[in-house]
Structures are given as C-alpha cells and as structure tokens.
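Chemist: Attaching a single structure in structure tokens format; questions to follow.
There are 2 protein chains.
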Amino acid sequence: MPDVSKRGVRMPESPIRKLVPFADQAKAKGIKVYHLNIGQPDLPTPRVAIEAIQKIDRHTLEYSPSEGIMSYREKLVQYYHRFEIDVSAKDIIITTGGSEAITYAFLACLDPGDEIIVPEPSYANYTAFAIVAGAVVKTVPSKIEEGFALPPIEQFEALITPRTKGIMICNPNNPTGYLYTQSEMNAIRDLVKKYDLYLFSDEVYREFCYTGAPYISAFHLEGIEENIILVDSVSKRYSECGLRVGALITKNKEVFNNVLKFCQARLSPPLIGQIAAEASLDTPAEYMLEVYNEYLERRNFIVDGLNRIDGVYSPIPMGAFYTVAKLPIDDSDKFCEWLLSNFQYENQTIFMSPAAGFYTTPGLGKNEVRIAYVLKKKDLAVSLKILEEALKVYPGRV
Amino acid sequence: MPDVSKRGVRMPESPIRKLVPFADQAKAKGIKVYHLNIGQPDLPTPRVAIEAIQKIDRHTLEYSPSEGIMSYREKLVQYYHRFEIDVSAKDIIITTGGSEAITYAFLACLDPGDEIIVPEPSYANYTAFAIVAGAVVKTVPSKIEEGFALPPIEQFEALITPRTKGIMICNPNNPTGYLYTQSEMNAIRDLVKKYDLYLFSDEVYREFCYTGAPYISAFHLEGIEENIILVDSVSKRYSECGLRVGALITKNKEVFNNVLKFCQARLSPPLIGQIAAEASLDTPAEYMLEVYNEYLERRNFIVDGLNRIDGVYSPIPMGAFYTVAKLPIDDSDKFCEWLLSNFQYENQTIFMSPAAGFYTTPGLGKNEVRIAYVLKKKDLAVSLKILEEALKVYPGRV
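Okay, here's the thing in structure tokens:
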C-alpha cells in the first residue's frame, strides 16, 4: 500500500476522544461514568425546533441553496441585531456546523504554510482544521493564575511573520470560559489593523455570559469590518449539536465568494437542520432564560465545589459552560486515565478532559483539566465528591 | 487586506452553477425554465423516511458518534450484501453527504502534490475536493463516439508518476451514464494492483442500471480489497439530497483511522439525516421499482428524442440519470447561456450544463452538454421541443 498520508498522521488525536476506550471499559465493568469531558449539553432542545421537524411533510427532501435557505439567513439578521451585530443576509453563509465554517474560513483565507495565532489553551479542533488547510497554528499561552485573560498583545505581535494571516479567538472561550474585555478586544483590533490580518472569531457561546460584563463581538470593533470572519453555530445555543447547522459571516466579499465556492462543491448544508434552526429563532425568551439560569447555577456550584477541594483551583469562568481547573497531580493525562481504569467511588467515576490537549506548547496544562458543566447539579455534586475522594488516593498526587 | 487565498481562487467555478444568474434573469422576465442542469431528483422521498422524521420526539438533538450511528451502519451492511458487497459495520463511516466522503478520502490518502487519475468527463467537484487536499487531478479522456467507455488502460498507465496515488471512478457514471464492464473493471483492478494505488469508487447511482449489464462494484474486484475507498450517498438513491448523509467504506484500517480523525474533528454527521436514512433502508421494493421504471422510461424517452433532432447525438446511457449529448453548435458554454438569455419558445427555455466544465483538458466537450433527466416525461417532451427549436435559430450553429 502507498504510505498513509502524512496529513492524516499529523492530525492530532482529539483530547476529548482519546480516553473514550477507557470510559467504555469502565462502563463494561458496571461502573457509572459521569461525563464532564464533552460539550454535549444535556438540556432540552427548544420544543419549537422539535415541532418544526415533526411538521416536515415534503414530497422531496431536496438540496438547499449552497449558501443556506434565504428565509433563515434573513431571520438570523434580526437575531444578530439583538446583539448589535450589524450584518445582512448577504454576509451570511449557512454551514454544516461551526466546524465547517472554520474549515472553509481557513481554506478560503489561508494558503499552505500560512500562519494564524491563537491564544492557548484553545479548542483543539482549530489545529485539526488548520491542518486540513495546510496552515500553521502558533500559540500564545494564557495563564490560569490570570484567569486565562488575553496574554499581552505584544506576545502576539512577537509571533508575526510575513506568513501570518490571521488571529483566531473563541469568545466566550472554550475551554476556559473566559470572556474577552473591551480593552482586550481593542488590543486585538489594533493588531489586526496594523498588520492587516484576518480575525477569525468563534462566538458560539455568546448566549452564555454570566458576570454582567459585556459580550464584545468581533463585529463591535470599528475599522476592521472587512477583516472579520465570524463563526457561529446553533449547537450550544439551543442544544442542537446533532443538527449540524452553523454559519460563517463576513463583510469581505472576496472571502465570501471564495468560501461560497467550497460550499458549492459540497452542494448544500443540511435541509432539515436549517428548518429546525430557523424555527429555533422563535424560541421563547423563557426557554433561553431557563437554560441560562441553569448553566449559571451549575457554574457557581461546580466552581465553588472545585475550590473547596484541597489543592484544587478553578478561576471563575465568565461564559460558555466549561472551566479549566488546576489539580494537585503529576499529569492530567495519567490522572484522567487512572480515574477511568483504576478508580471508583461507590462504583462511580468521572471522565474529564486532560487540558494538555488544548495547549500546543509542550508541557503546558499538565496539571489542568477541562470540565464541561453539562450535567445536572446533583450529578455535578457526585462528580465533585468522586474527584475529592480520587485525589486522596491518586498515587501521582503532588 | 491580505491577498485572498490562491486555493480559493484556484477553485473552479461549478459548471452547474455558473449560469444560474442567467436562469434567474430569465425567470425574472417571466420565462419558464426547465432545469436539466442539476442532479436534483424530482421524485418523492420514501414515505418511511418522512415518517421517521415526523416521529422524532427527543429531549435533546445530540451529537451522533463521529463515525455514525451504529444501528444505521449495521443495517447498511445488509443493504450492501444485497449487491454482493461484503463489508462489515467496522468498515463504514457515515459522512455528511458523499461530498464529505470524497473530501476526507482525499485528505486521508493524499499529500499535497500527490496525483490521482480520473477518466473525463467527470463529476466536476472531484477537482474541487482534490484542491482542498492540495492534490492534482490528471485525466484520461473518454469519447462520446465510444459511448464514454473506459479509455484504454494504457492511457492511465502512461500518466503514472511517483506521485500517483490513486484512480477515481464514478460507476455508474455522472455525467455520462456509462456503466463500467467487468473487463474494464478488471483492467482497473490490474493497474491498481500493479502500482499499489488507491481506487476511489463513487457508486452512488448503483440502483440505476438499465441495460441488464451487471453493476460491478469496486468491492467485487479480488485482490485489491485494501486499496478500495468506496463512496456512497442516500441523495440520489432515495431522493434525499437535503439530508446530507453519505458513507465512506474501506477495509484498509490505516485509511479508516485517518479518515476517522477528520470525522472526529467535525464531531458528527447530521443526526436527523441518519435517522431518516436508516428508515429509508426499509423502503418497500415497490417504491424502488417505481423510481427505477420512471428513470428508465425517461432515459428511453430523452435519448430517443435527442437522437431524433437533426445534428444531435446522445449515446445510450446505461445508468445514473444523466446523458452527455453532442450538439451541432460552436460552443456549449455560449449556447447554454444564449438559451437562458436570448431565446424562448412559447415563453419557455431550458437550462443545461455545458459539458466543458466536466472535462479538465481544455477544448474538450465544447459541443457537448450534460442533461439530467430529473423532470417528468411531459416536461422532458417540452424541453426536447425547445432544444429543437433553439437549434434552428442559434447563430452559432455549425
């Protein structure tokens, strides 16, 4: 056989997935596993979405337009206006999840060898999508001691080369839950402007900001409108991960047209998903508030609980539904595996994501884990108890 | 702004799409446009699929496994067994349409600069997906005079370089409707074996073979089991283009695992689409027969009608629902545009795809068009009449 592709080989193993076989083994032994490892919300999808799906009664389930259904794009415009994001339907391309939006953004804007700068820890699949585009990810470390605030902009500037084409941020942030401040966003804006970079901004968690601090969209930044490629998705907003409906938004016509070519090649985003996503825009405010309050309560509960455990520290995440916590351990890869394969507390254990997988710089995040608070409070309580007990007996405790 | 990506610029304009603005203008003038340009079946999606969608009543529309829902993969195994394709669930990855299957096959098997050989005319998006992977498409022309039979295998062999990694076929063929014979498939097999190439085989039209000649799947070829990457989709089989559900099938574990990494990065194929696709496997035989007979009748009707028009020639396509016909014209790009912008017959016109877009070699297909017979017979009759009248007055007639 021909050698398997270097590109395939280079693809990093997902930090979320690599321990799945150990979780499966634990379950096979009858151990209950609490999943804190994946951003799969347990909260209900809005009824309006489910009902829209149930009402589908078409003759033929045909291709939708490559750029998405116009009525949905138009309705999204109103949604964005609520966040003072001033875009029009002709700036919006509907994608197959946020994943496709990022992939096509990179493919359309970056040539092989081009570089983007990303604050780390970051969503691990950015690197995967960059590999698809043949692009190179350079990272600037943010620190848990600083609550994962944006590192000084000078550290970004120091990485700029003639191949640097863009900066990628996730705001509110996965995995840290950090919400960038106005002055941090201004610093990013100035750098983007100075070097004429693209700003790839993943804002899928905008509904979940907990501290009263304002959510600053990339589109709130003045003077770089043509540089922005905003990535969005209904997955987290409405607990609709399975629909695979996202969006790429840009006012840059050349980028839009290039992205559209990739969209036309794959013909169509999912039709049923778009119908459900469009209906979701009519989700009552009470639903959104309920979801918001639920996450807020869980956040307070888990962060408080984590910080009560001896040797554990979690900053207070301001948004999304994750936190990165520091544990008194040697190596979170080993610890998370050990939890699944060598530990149980009353026949239960927890599945967390080792944070090293969210860092690019080797050695960083070794004593950190990402916890997704996508479980009910009572399950989070059990999970905290399991973590506490585990840390008492873990052989690699430091 | 940074220069837009060369990759984006290199993406070919879809031969199906580039005339869409002219069609829109014609419609705006009140002209009825018959769409023979796109493989969007007009036939009904099976009721079992629609009903499965209507019955969806879940709490949360969650991610499905990255490799697809296991029950669907298992049920597909039985489907393939009916075609004597001996695969198991662990060989099958569910993808977001056949498009994603091809993209990930190329990404997983080809490095930038690697080459694949494709008989032309071919599905235009193969080139687009190759560009995504940074790979190079080399083509061997098939000829309308030979009914678009596989060109002599020596012509493939002559193109082989150290960078050649695979051969890509579509069988039955889009755009030509050709069905490869056993001896042609054997020739491909021998070449694949001799140079240890991948064989990418797009077999999404297998249900539509009209002549009694056998459908030879790549998996029917002995001795190259590990070299085969089969691409499939429910889009054409069940008129379910909008679901975006395809499959990639390979017994090569290294390829499987590399493809899976790309799948994990994009998290999940569409959940609802998979539920409907799984239900579709219970489509009654009468539905499939009805659809088959409908296409068969249309094929006979359109090919007969085309060949009755003075100066027009269409081979008899053995499968799929397309034909490539030769017209007595100077340039089909011009002719197809002229039909939309300068011609009408009783306030009607037709939209066909210029065939040049399906060829890579410049100059080929200039007097050919692809016609998709995805309209009712009465509409095909009108379309034929329009074509006949148009050819009488087209200024570029030769």
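Here the protein sequences line up with chains A and B, keeping their order.
Residue numbering for the first sequence follows our numbering, starting at 1 and increasing by one per position.
Residue numbering for the second sequence follows our numbering, starting at 1001 and increasing by one per position.
Even for Gly, the Cβ is constructed at its ideal location relative to N, Cα and C.
Residue 285/A and residue 172/A look like a contact to me (Cβ under 8 Å); what is the Cβ gap, rounded to whole Å?
Modeler: Mapped onto the first sequence, residue 285/A falls at position 285. Mapped onto the first sequence, residue 172/A falls at position 172. Contact flag wrong, Cβ pair sits at about 20 Å.
Chemist: What residue range does the alpha helix (DSSP H) around residue 348/A cover?
Modeler: Along the first sequence, one-based indexing puts residue 348/A at 348. Here residue 348/A belongs to no alpha helix (DSSP H); instead the beta strand (DSSP E) covers 348–351.
Chemist: Name the residues in the region 20–31 of chain A whose C-beta lies less than 9 Å from a C-beta of chain B; which are they?
Modeler: The region 20–31 of chain A vs chain B, Cβ under 9 Å: nothing.
Chemist: Have a look at 1193/B, 1293/B, 1242/B and 1163/B and flag the residue whose alpha-carbon is nearest the alpha-carbon of residue 1211/B.
Modeler: Counted from its first residue, the second sequence places residue 1211/B at position 211. Measuring from the Cα of residue 1211/B, the nearest candidate turns out to be 1293/B.
Chemist: For residue 223/A and chain B, any beta-carbon pair shorter than 9 Å?
Modeler: As a working mapping, residue 223/A is identified with position 223 in the first sequence. No, because no Cβ of chain B sits closer than 9 Å to the Cβ of residue 223/A.
Chemist: Determine the chain B residues that contact residue 194/A at a beta-carbon separation under 7 Å, and present them in chain order.
Modeler: On the first sequence, position 194 is the one that residue 194/A refers to. Chain B residues near residue 194/A: none, gap ~13 Å exceeds 7 Å.
Chemist: For residue 335/A versus residue 265/A, is the C-beta spacing smaller than 9 Å?
Modeler: Along the first sequence, one-based indexing puts residue 335/A at 335. Along the first sequence, one-based indexing puts residue 265/A at 265. The answer is no: Cβ separation not under 9 Å.
Chemist: Helix, strand or coil for residue 123/A, going by three-state DSSP, please let me know.
Modeler: Residue mapping note: residue 123/A aligns to position 123 of the first sequence, counting from 1. Reduced to three states, the DSSP call for residue 123/A is coil.
Chemist: Could you tell me which of 1148/B, 1343/B and 1385/B sits nearest to residue 1169/B, measuring between CA atoms?
Modeler: The residue you call residue 1169/B lines up with position 169 of the second sequence. Out of 1148/B, 1343/B and 1385/B, 1148/B has the C-alpha closest to the C-alpha of residue 1169/B.
Chemist: Kindly indicate which residue of 333/A, 205/A, 213/A and 242/A has the alpha-carbon position closest to the one of residue 231/A.
Modeler: In the first sequence, counting from the first residue as 1, residue 231/A sits at position 231. When only C-alpha atoms are compared, the closest one is 205/A.
Chemist: Starting from the C-beta of residue 1311/B, find all residues in its chain whose C-beta is less than 6 Å away, skip the five residues before and the five after it, and write them out in chain order.
Modeler: For the purposes of this step, residue 1311/B is taken as residue 311 along the second sequence, with counting starting at 1. Excluding positions up to five away in sequence, the list reads 1328.
Chemist: In terms of alpha-carbon separation, which member of 1059/B, 1028/B, 1029/B and 1050/B lies closest to residue 242/A?
Modeler: By one-based count along the first sequence, residue 242/A stands at place 242. Taking only the C-alpha atoms, the option nearest residue 242/A is 1059/B.
Chemist: If you draw a straight line from the alpha carbon of residue 1194/B to that of residue 1218/B, how long is it in whole angstroms?
Modeler: Residue 1194/B sits at position 194 when you count from the first residue of the second sequence. Residue 1218/B sits at position 218 when you count from the first residue of the second sequence. Their backbone Cα atoms lie some 16 Å apart in a straight line.
Chemist: Suppose the cutoff is 6 Å on Cβ atoms and the five residues either side in sequence are ignored; what does the same chain contact list for residue 1132/B look like?
Modeler: Mapped onto the second sequence, residue 1132/B falls at position 132. 1103, listed in sequence order.
Chemist: Do you know offhand how far residue 1339/B's Cα is from residue 61/A's?
Modeler: Along the second sequence, one-based indexing puts residue 1339/B at 339. Along the first sequence, one-based indexing puts residue 61/A at 61. If you take the alpha carbons of residue 1339/B and residue 61/A, they lie about 29 Å apart.
Chemist: In this structure, how does DSSP classify residue 288/A when only helix, strand and coil are distinguished?
Modeler: For this step, residue 288/A is matched to residue 288 along the first sequence. Three-state DSSP puts residue 288/A in a helix.
Chemist: Could you tell me the alpha carbon to alpha carbon distance between residue 1347/B and residue 1032/B, rounded to whole angstroms?
Modeler: Mapped onto the second sequence, residue 1347/B falls at position 347. Mapped onto the second sequence, residue 1032/B falls at position 32. Each residue's alpha carbon lies about 6 Å from the other.
Chemist: Taking residue 166/A as part of the beta strand (DSSP E), name the residues at either end of that continuous run.
Modeler: As a position in the first sequence, residue 166/A is number 166, starting the count at 1. It spans 164–170 - the beta strand (DSSP E) in which residue 166/A sits, taken as one unbroken run.
Chemist: Which residue wins for smallest C-alpha separation from residue 296/A, given the options 322/A, 162/A, 280/A and 282/A?
Modeler: By one-based count along the first sequence, residue 296/A stands at place 296. The candidate whose alpha carbon is nearest that of residue 296/A is 322/A.
Chemist: For residue 1069/B versus residue 1094/B, is the C-beta distance shorter than 9 Å?
Modeler: For this step, residue 1069/B is matched to residue 69 along the second sequence. For this step, residue 1094/B is matched to residue 94 along the second sequence. Result yes, Cβ atoms of residue 1069/B and residue 1094/B sit closer than 9 Å.
Chemist: May I ask which residues mark the beginning and end of the alpha helix (DSSP H) holding residue 107/A?
Modeler: Taking the first residue of the first sequence as position 1, residue 107/A is located at position 107. That run of the alpha helix (DSSP H) goes 97–109.
Chemist: Less than 9 Å between CB atoms is the rule here; does residue 1391/B satisfy it with respect to chain A?
Modeler: By 1-based counting over the second sequence, the position of residue 1391/B is 391. False, the Cβ-Cβ gap to chain A never drops below 9 Å.
Chemist: Is residue 298/A close to chain B? Criterion is C-beta to C-beta, closer than 9 Å.
Modeler: The residue you call residue 298/A lines up with position 298 of the first sequence. Judged by the 9 Å Cβ criterion, residue 298/A is not in contact with chain B.
Chemist: Just to make sure I have the definition right: I need the residues of chain B whose C-beta is within less than 8 Å of the C-beta of residue 408/A. Which are they?
Modeler: Chain A is shown only over 1 to 398; residue 408/A falls outside these bounds and no answer can be derived.
Chemist: Please give me, in chain order, every unbroken run of the beta strand (DSSP E) with length at least 3 that falls completely inside the region 1003–1081 of chain B.
Modeler: Within the region 1003–1081 of chain B, the complete beta strand (DSSP E) runs of at least 3 residues are 1032–1035.
Chemist: Beta-carbon of residue 1170/B versus every beta-carbon of chain A: anything under 9 Å?
Modeler: Within the second sequence, numbered from 1, the residue matching residue 1170/B stands at position 170. Not an interface residue.
Chemist: Which chain A residues are close to residue 1060/B, counting only those with a beta carbon under 9 Å from its beta carbon?
Modeler: By one-based count along the second sequence, residue 1060/B stands at place 60. Result: 40, 41, 42, 43, 44, 45, 239, 240, 241 and 242.
Chemist: Give the single residue among 1072/B, 1215/B and 1143/B whose Cα lies nearest to the Cα of residue 1247/B.
Modeler: For the purposes of this step, residue 1247/B is identified with residue 247 of the second sequence, where counting begins at 1. Residue 1072/B is the option with its Cα nearest to residue 1247/B.
Chemist: For chain B, find out if any of its Cβ atoms is closer than 9 Å to the Cβ of residue 63/A; answer yes or no.
Modeler: Reading the first sequence from its first residue, position 63 is the one you call residue 63/A. Yes - at least one Cβ of chain B is within 9 Å of the one on residue 63/A.
Chemist: What distance in whole Å lies between the Cβ atoms of residue 358/A and residue 124/A, which are believed to be in contact at a cut-off of 8 Å?
Modeler: Translated into the one-based positions of the first sequence, residue 124/A becomes position 124. Translated into the one-based positions of the first sequence, residue 358/A becomes position 358. Indeed, because the Cβ distance is near 6 Å, the residues count as touching under 8 Å.
Chemist: Can you give me the Cβ contacts of residue 209/A inside the same chain, cut-off strictly under 7 Å, excluding the 5 residues immediately before and after it?
Modeler: As a first step, residue 209/A must be located in the first sequence, where it is residue number 209. Taken in chain order, the residues that qualify are 172, 179, 215, 318 and 319.
Chemist: Are three or more beta carbon pairs between the region 1250–1260 of chain B and the region 1111–1124 of chain B nearer than 8 Å?
Modeler: At 8 Å Cβ cutoff, the stretches do not touch.
Chemist: Kindly list the residues whose CB is nearer than 8 Å to the CB of residue 267/A, restricted to its own chain and excluding five residues on each side of it in sequence; keep chain order.
Modeler: Sequence index remark: in the first sequence, residue 267/A carries index 267 (1-based). Excluding residues within five positions, the ones whose Cβ falls inside 8 Å are 63 and 66.
Chemist: Does the Cβ-Cβ distance between residue 1314/B and residue 1229/B come in under 9 Å?
Modeler: As a first step, residue 1314/B is located in the second sequence; it is residue number 314 there, counting from the start. As a first step, residue 1229/B is located in the second sequence; it is residue number 229 there, counting from the start. Going by C-beta atoms, residue 1314/B is not nearer than 9 Å to residue 1229/B.
Chemist: Is there a Cβ of chain A sitting closer than 9 Å to that of residue 1066/B, yes or no?
Modeler: Numbered from its first residue, the second sequence carries residue 1066/B at position 66. Closer than 9 Å: yes.
Chemist: Please name the residue or residues paired with residue 201/A in a DSSP beta bridge.
Modeler: As a first step, residue 201/A is located in the first sequence; it is residue number 201 there, counting from the start. Looking at the DSSP assignment, residue 201/A forms a beta bridge with 169/A and 230/A.
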